[in-house]
Structure formats: C-alpha cells, structure tokens
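Undergrad: Counting from 79, one number per residue, gives the positions in the sequence shown under this note's numbering.
Glycine included, every Cβ here is placed at the ideal spot set by N, Cα and C.
This is the structure I have questions about; it appears just below.
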Amino acid sequence: MLELLGLSGLAERLYQAVLTDPARSVAMLARDTGMTDRQIRSALDELADLALVRPSAAADGTLWPVSPAVGLSALLAAAEDEAAARQRQIEATRAAIAALAAEHAEQRQHRAEPAVRLDGIDAVRGRLEELAANAVTECLSLNPGGADRPDARAASAQLNEQALRRGVGIKAICRESFRNDPDTLAHARWLTDLGGEMRTVPIVPTPLVIVDRRVVIVPLDPADPRQGALELDSPGMLSVACALFDQLWSTATPFGSSVTVDGQGLTSAERTLLELAAAGHTDEAAGRKLGVSGRTVKRQMADLMARLDADSRFQAGVRAAHRGWL
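Spelled out as structure tokens, the structure:
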C-alpha cells in the first residue's frame, strides 16, 4: 500500500510492528513477524533512510519509530511535489507537441498541389498514423488484402485501439475470403471486441482510407499499394470515395454473421464468381479478385455447374441467366 512512498513490503510490515511495540528486540520482532534477522536489519536500514525510525534518546544503539502523521506525511508531500513537477513537464511537452503539429499542418495547408504524393509504404504509414491520431469522428477503409498482412496489422493495432477509446468509429470492409485466414480472423475479433466494425464483400475494388470524410488516401498502384499513395481532400474525390464505401457497406456481411444466401440459394461470393466467369475471367484471374486460389475457384465453379446441370462454363452462364441468377 505504501510502495508509492518508497517502502518495500517488508519495510512496511516491520514499521507497523514497531509502531505497535517499539521496545521489542530483533529476536522478538523475528518471532512476531516471521521475518529473519537479516530481513529485519535490512528493513530497519530502509526505514532509517526514509526517516521513519530514528535513534532512541533513552537507550543508545536502539531505534524508535517516527509517528505516521509525521514521517509518512513528509514522504507523501515529497511524492506530491515530484508528481507536480512531472505534471508540469508533461504539460510543457504537450504544448511543444501541439506547436510542432500545428506548424506541420500549416505547411501542408500552404501546399498548392491538389494531391499530396506519398512515396513508399513508410510515407503512407506515417501519414495514416498522423491522420488516425487526429481523427475526430470516423476512419473508413477498403481492404482488398493489404490490411490482413501481419506487418500492417501490427502497425495499426495501437492506433486503432487509441482511436476507439477516444470514441472514433472504425469501419473496415474486407474480402469474403479473409474468413478463411486464422490470423486475420483473430485481428477481426480483436477489433470488433474493442468496438470497431468489420464487414465483408466478395470483391473489394481498391484499397482506400477515408478519415473524418475530409481526406482520402488512395494507392498510386492498386495492384501494389506498397509503392505509395495519393492524399486527396477535394470535395469531388471525397464524394466519390465516400459513395463507394457507403454502397459497399450497405450490402456487406457483418463480421460474426453467417454468410447468407439469396432467393436462388446463392451466396454473394457464388454470384460474383458466376459474373466473373460470364465476363470471361479465367479461374486464376477470378481467384485473384476473390482472394482465393485457382483450385478453389475450379472447385466452386464445378459445384455451380452441377447445380445448374451444365456441362460447360458457357452452358452454366446461359442457364444461370435463364434462371435469373445473373
């Protein structure tokens, strides 16, 4: 209880004992407290250093306890002075951070470019960290696959937690296939347990991040987001980005809910696979869009063909259209 004042557990126990009966010898204290002679002498040295015992005026070579109202109060006052000095240092540091952040923000505002180019993954992550730390209302993201990388999860976890604790909403849309990845599932459970929201769709068209609906980050190359990104804040681009996110969110399946089937008995992933096949995509190309292997696409396509009683992908497309599946 008194660790804040610098007392160890043994010193606190001995102090309470000598307050009860100051005249006890070391042997008697050892008997009553269960401490060894060595522990008692070490604790007495600690109490003397903290001015909680002092030499007795009546008997040479003995120590007498100082009243808690005097000794402990003095230690508490010293601790309060130290805490106050520490708080002043914290406030000064906070002011310095605010001034530096304001100067950095002013430099960005004075840029004339309609878009700020962020070259490389380090620049992108640094800017996302800054935006997340200053987010007020919400952070929205589309994640075709990059967000489920272990390094990306580690980089964003602390910021996500801090934002959620400040009351910032976090909404993420991922591909349906992420439900098959144990690591990404664990991350999704962690995020939703903290109050974030995650939904899935068969295909996420492009990576992007929207912060407070006032700035959007889009990749320079959607096929390789690690090359860098553009930061945009024009009303037109924000309108398009927000509309895309809102439309996908309204049709996505919430994490934790089972995948539903429509009136034809199709999941959204199955319907999307039929659409990709009808558009001429190979199994490998469809797999890349869906985030699954070509072998998985082939197996799913074979199942759909069997349900349609079709002998070829072309015949499956015709029969799917005839039945209203497409």
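Can you say whether VAL370 is buried or exposed, counting buried as having 16 or more other CB atoms within 10 angstroms of its CB?
TA: Buried.
Undergrad: Helix, strand or coil: which one does DSSP assign to ASP197?
TA: Residue state, collapsed to three classes: strand.
Undergrad: Can you give me the start and stop residues for the beta strand (DSSP E) that THR278 sits inside?
TA: 275-279 is the span of the beta strand (DSSP E), which, as asked, contains THR278.
Undergrad: Measuring alpha carbon to alpha carbon, tell me which of LEU351, LEU368, PRO300, LYS376 ends up nearest TRP403.
TA: It is LEU351.
Undergrad: Which residue comes first and which comes last in the beta strand (DSSP E) that contains ALA264?
TA: Not the beta strand (DSSP E): ALA264 falls in the alpha helix (DSSP H), residues 260-271.
Undergrad: When DSSP labels each residue in this structure, what does THR331 get in the three-state scheme?
TA: Looking at THR331 - three-state DSSP - the assignment turns out to be strand.
Undergrad: In this structure, how does DSSP classify ASN212 when only helix, strand and coil are distinguished?
TA: Coil, per DSSP.
Undergrad: What is the DSSP secondary structure of ALA366, reduced to helix, strand or coil?
TA: At residue 366 the sequence reads Arg, which differs from the Ala that was named. Note: ARG366 maps to helix in three-state DSSP.
Undergrad: Can you name the residues that DSSP bridges to LEU220?
TA: ILE251, LEU286.
Undergrad: Out of LEU310, ALA398, ALA355, state which residue places its alpha-carbon closest to the alpha-carbon of ALA193.
TA: Of LEU310, ALA398, ALA355, the residue nearest in Cα terms is LEU310.
Undergrad: State the beta-bridge partners of GLY306 as determined by DSSP.
TA: Note: GLY306 sits in a beta bridge opposite ASP197.
Undergrad: Determine the DSSP secondary structure at LEU128, reduced to helix, strand or coil.
TA: Correct three-state label for LEU128: coil.
Undergrad: Over what stretch of residues does the beta strand (DSSP E) that includes VAL294 continue unbroken?
TA: Unbroken beta strand (DSSP E) run through VAL294: 293-297.
Undergrad: Mind reading off the beta-carbon distance from ASP361 to LYS376? Whole number of angstroms is fine, and I expect it under 8 angstroms.
TA: Right, their Cβ atoms sit about 5 angstroms apart.
Undergrad: So, helix, strand or coil for ARG133, using DSSP?
TA: The displayed chain sequence assigns Pro, not Arg, to residue 133. Strand at PRO133.
Undergrad: Roughly how far, in whole angstroms, is the beta-carbon of TRP142 from the beta-carbon of SER134, given that I think they are within contact range, below 8 angstroms?
TA: Contact holds; Cβ gap of about 4 angstroms.
Undergrad: Name the DSSP beta bridge partners of PRO143, please?
TA: VAL131.
Undergrad: Please state the DSSP three-state secondary structure of ASP387.
TA: If DSSP states are grouped into helix, strand and coil, ASP387 belongs with coil.
Undergrad: Classify ILE175 as buried or exposed, calling it buried when 16 or more other Cβ atoms lie within 10 Å of its own Cβ.
TA: The residue is exposed, with fewer than 16 neighbouring Cβ atoms inside 10 Å.
Undergrad: Report, in whole angstroms, the separation of the C-beta atoms of VAL282 and ARG304, which I expect to be a contact under 8 angstroms.
TA: Between ARG304 and VAL282 the Cβ distance is about 17 angstroms, and since that is not below 8 angstroms, they are no contact.
Undergrad: If you draw a straight line from the alpha carbon of HIS400 to that of GLY358, how long is it in whole angstroms?
TA: Rounded to whole angstroms, HIS400 to GLY358 spans 18 angstroms at the Cα level.
Undergrad: Give, in chain order, every unbroken run of the alpha helix (DSSP H) that is at least 4 residues long and sits entirely within the region 86-122.
TA: As far as the region 86-122 is concerned, its whole alpha helix (DSSP H) runs of at least 4 residues are 87-98, 104-111.
Undergrad: Leaving out five residues before and five after ASP226 in sequence, what residues of the same chain have Cβ atoms less than 8 angstroms from its Cβ?
TA: Its pLDDT being 46, under 50, ASP226 is placed unreliably in this model, and the coordinates cannot settle the point.
Undergrad: Out of curiosity, what's the CA-to-CA distance linking GLN236 and PRO297?
TA: Looking at the two C-alpha atoms, the distance is approximately 23 angstroms.
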